[in-house]
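Step one of this worksheet: look at the structure below.
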Amino acid sequence: MHQTPHRWIRAARHHDRQRLLTAGVDVPVLAELDAHRFLRGPYTATGTLLRALVPAILAERPDLVTRHQIEILSVAPELRESVPATRETLTSLAVPAERTRFYSRMRTLRHAHGLVDLLDAWLRHLDDGPRCLLVENLHEADPTDREFVGTLLRRIDPGLLHLRVATATDTVEEPPGAVAVEIRTALQRYAVPVDGDPSPSATEPPADPTSCARAYIDGDCVDDDPAVLTAYRELPGPVRAALHDDRAEKLLATGEWSCRLGAVALHRERGGAPGSTGADALREALEYCVNLGFYHATLDFGARGRAVIDWSGQVEHWWAFTTKMTTSLMALERPLEALALYDEARAQTDSGMVHMQAAYATAMIYTRHLETGKRDHRKARAWCNAAIAYARLAPNPQDSAANLVFNRNGLALVAMHEGNLTEALDLITTGIASMEAALGDDKHLLHRSVLRHNRSQLLSALGRPAEALADLDTVIAIDPNYAEYHLDRGTLLRRLGRLDEALESYERAARLSPPFPEVYYNRADVLLELGAPDEALAGFDRVLDLDPEHLDARINRAGLRQALGDTEGAWDDVRTGLARDPDNGHLLCVRGQLELETDPEQARRTLTGAVAADPTLAAGWAARGVANYELGDLPAAIADLGHALQLDDDPAVRFNRALALADAGRQAEADADFQACVAADPTLAAEVAEHRERLLPA
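So the sequence shown is residues 450 to 1147, counted in our numbering.
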């Protein structure tokens, strides 16, 4: 392992971990955090860090707070009193009944990256040497905190921050389903393990078991001392429940919202009325978490909520816990478990609303969420039709109209997946007209924007980018802060050849959102097209800092480094990329171009592999043509360069073919190529004139 100041503390008991966390710390401590999810649920540790730092950052660097307000307020909602939310979207503002879009599971990774950027900028501003961040109980943390710590371990400059992270064992289990950052892998790769032996006093019986149990509850049940846990379990049930209720009341009195996502829900669940106040507290936490994209926590609250209620008498709670779980299961790439819950729901109720929502979601599972080879668009269409039939039964005409449009939008997605783009476009266009006719101007604004965005995507797929852009501009006018719309707008403008405007849209998307790789990748690509290689290189650097596995950025940076003369950097990218994708034609092409400088024969072999992997790769054929030229095989060189020109009529490639043709004695063809070079790129005129004079007879 490379030299690192980060430490992974591993000890079975809390007080042993605490001792090891602070032992040998030789730089100022930035913060000491407890990540146990029982305290504040998602972002327990990260939110505590922000509540400690943001007041000082706001006083000295308010620009940083403004830049990172989305991450700050998503992670530490208590800071809304001092950090204004100026970039709200229709998604974030939608009332529960009109919430038809849920965030990607990757949104929390954007938060993590944004907060790493914030910490980096703040510590550089302080400019007084490294600090140390202590994090306890990471093994009991919500995945959002694990994701942040894993990202911080990989990205933070160790000259700015030393991390000391404590877990109970060396096997930190990942939650089921998709995770963006594997914390165990991050700890193994970026931190030095420190194992501790248990202290003999850890399991001594407490002198006063009742006081010990009360302290355990007042500490929000995070103590892992076996003697303390025994004292807690041995309390009489009513006494224990009363203590939990008392603790919940005290936490609620603090007014700190994030306590409701952890300890308040826990204490109400274990209090005197788990099926009523407990269910209410779990439901409140569940609704908040699903709306913020905290899907692992939503699953936890949903399962706990379902366990404390009587579904037959609490149908609204039961369906909320169930359907928010299924939404989260789909987001976390666990669709078969979601299907099982929908089957259970259909068996337990005859509610038309439940059957409608379950039918729609089942359709989405079959058309979108199952693995590619297991999708069944015919089944999806059948379930969409069932959802449409149920929608017609709604007693309220406005509800019926909105539900019909929503479910037909799902049918449009199925049609699109079947390749029926015209049918999909007709369904969405009809839906837009229906909503405008049936609803007031202030109703279902989010879904109206989603419909127009979907129509824009269909128009683009149908080869009608100008119409797609018009729809997208309408969407942006009513939802200007939704970053993905600006990303899509940049892509449309790029297709239309309006590169400067595309660049502006990408930059707008980057300003509106916590960082995500796609926007920086597209921006860098456009900068490359606009002839700004240094800025493009910085953009690809940014992408790979955010996502080292972003293969397209790796390919582009390798080629750009090679073109800019950074041979060592290009080789680094080629080796890293080929380790992941050994048969990647683009990377083999760059490798062959690098080998041309010292070993044309090896380059020819590599480039043969490149064009075999991707026969449409013009640069590969062109580079192999140069290799053949260097090796004196003029017929092969001319053939390869000609093949490259058929794929992409590049003046530089035509110039190289002209040289090969001239050396082969085919002067008329060489002269035609030279003239075509100058016609396509007048900047080549002087170089062409020099070579024509030398190679061609007067």
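Glycine included, C-beta positions come from ideal geometry on N, C-alpha and C.
Keep in mind the model is a prediction, meaning the values are calculated, not measured.
Between the alpha carbons of residue i and residue j, how many angstroms are there, rounded?
| i | j | result |
| --- | --- | --- |
| Trp457 | Asp644 | 8 Å |
| Leu567 | Asp928 | 26 Å |
| Leu1090 | Asp983 | 29 Å |
| Thr1132 | Arg1040 | 28 Å |
| Arg1141 | Arg573 | 57 Å |
| Leu921 | Tyr934 | 7 Å |
| Thr495 | His485 | 11 Å |
| Asp657 | Val671 | 19 Å |
| Leu583 | Leu539 | 38 Å |
| Asp759 | Pro723 | 11 Å |
| His745 | Asp729 | 19 Å |
| Asn834 | Gly1034 | 44 Å |
| Arg1024 | Leu587 | 34 Å |
| Arg1053 | Pro1064 | 15 Å |
| Ala505 | Pro966 | 29 Å |
| Ala1007 | Gly1074 | 20 Å |
| Gln1011 | Ile1087 | 24 Å |
| Glu736 | Ser707 | 13 Å |
| Asp1030 | Ala973 | 22 Å |
| Ala712 | Glu705 | 11 Å |
| Ser909 | Glu589 | 46 Å |
| Leu469 | Val614 | 10 Å |
| Trp768 | Gln797 | 11 Å |
| Leu790 | Thr771 | 7 Å |
| Met450 | Gln637 | A caution first: Met450 carries a pLDDT of 49, below 50, which makes its placement in the model unreliable, though a value can still be read off. Taking the straight line joining both Cα atoms gives about 9 Å. |
| Ala886 | Arg510 | 49 Å |
| Thr471 | Ile814 | 48 Å |
| Val1060 | Glu1044 | 16 Å |
| Ala664 | Arg489 | 18 Å |
| Asp1130 | Ala1121 | 14 Å |
Please return the same chain residues whose Cβ sits closer than 6 Å to the Cβ of residue i, not counting the five positions on each side in sequence.
| i | result |
| --- | --- |
| Ala1119 | Ala1107, Leu1110, Ala1111 |
| Gln452 | none |
| Val968 | Leu936, Tyr955, Ala958, Ala959 |
| Ile925 | Tyr934 |
| Ala1062 | Asp1032, Gly1034 |
| Arg783 | Gly626 |
| Tyr931 | Thr538 |
| Leu778 | Glu786, Ala787 |
| Tyr809 | Ala836, Asn856, Gly859 |
| Asn903 | Ile877 |
| Asp994 | none |
Quick one: grab the DSSP three-state call for residue i.
| i | result |
| --- | --- |
| Leu575 | helix |
| Ile519 | helix |
| Val1075 | helix |
| Asp1097 | coil |
| Glu1139 | helix |
| Val476 | coil |
| Leu582 | strand |
| Met450 | The predicted position of Met450 is uncertain, since its pLDDT is 49 and thus under 50; a value taken from the coordinates is nonetheless stated next. Note: Met450 maps to coil in three-state DSSP. |
| Asp792 | helix |
| Val565 | helix |
| Ile758 | coil |
| Arg613 | strand |
| Glu718 | helix |
| His455 | coil |
| Glu765 | helix |
| Asp799 | coil |
| Ala850 | helix |
Excluding the 5 residues preceding and the 5 following residue i in the sequence, name in chain order all residues of the same chain whose CB lies nearer than 7 Å to its CB.
| i | result |
| --- | --- |
| Val628 | Pro592 |
| Gly720 | Ala690, His693, Asp694, Ala697, Thr726, Gly727 |
| Pro491 | Asp591, Thr593, Leu710, Cys738, Phe743, Ala746 |
Is the CB of residue i under 7 Å away from at least one CB in chain D?
| i | result |
| --- | --- |
| Val1039 | Absent here is chain D; the protein component of the structure consists of one chain. |
Quick one: residues in its chain with C-beta nearer than 8 Å to the C-beta of residue i, no 5 flanking neighbours on either side, listed in chain order?
| i | result |
| --- | --- |
| Leu942 | Leu918, Leu948, Glu950, Ala951, Ser954 |
> Is there contact here, the segment 540-549 with the segment 891-911, by at least three beta-carbon pairs under 8 Å?
Replying inline: Counting Cβ pairs under 8 Å, three or more are found: they touch.
>> Taking 8 Å as the cut-off, does the segment 609-628 touch the segment 459-468 (at least 3 CB pairs, one atom from each stretch)?
In response: Three or more beta-carbon pairs separated by less than 8 Å link the segment 459-468 to the segment 609-628, which places the two stretches in contact.
>> At 4 residues or longer, what runs of the alpha helix (DSSP H) sit wholly inside the segment 638-672?
In response: Segments of the alpha helix (DSSP H) lying fully in the segment 638-672: 658-667.
> Can at least three beta-carbon pairs, one atom from the segment 834-847 and one from the segment 866-875, be found at a separation below 8 Å?
Replying inline: When C-beta atoms of the segment 834-847 are compared with those of the segment 866-875, fewer than three pairs fall below 8 Å, so the two segments do not count as touching.
> Which residue spans inside the segment 888-914 form an unbroken alpha helix (DSSP H) run of at least 4?
Replying inline: Fully enclosed alpha helix (DSSP H) runs of 4 or longer: 894-910.
>> Measuring CB atoms only, is the segment 695-708 touching the segment 475-483, in the sense that at least three cross pairs come out at less than 8 Å?
In response: The segment 695-708, when compared against the segment 475-483, does not touch it at the 8 Å Cβ threshold.
> Are the segment 877-888 and the segment 528-535 touching, with three or more C-beta to C-beta distances below 8 Å?
Replying inline: Flag = no, the segment 877-888 and the segment 528-535 do not touch.
> In chain order, which continuous runs of the alpha helix (DSSP H) of length 4 or greater are located wholly inside the segment 1020-1068?
Replying inline: Within the segment 1020-1068, the complete alpha helix (DSSP H) runs of at least 4 residues are 1034-1044, 1049-1062.
> Would you call the segment 820-829 and the segment 796-805 in contact, with 3 or more CB pairs under 8 Å?
Replying inline: These segments do not touch.
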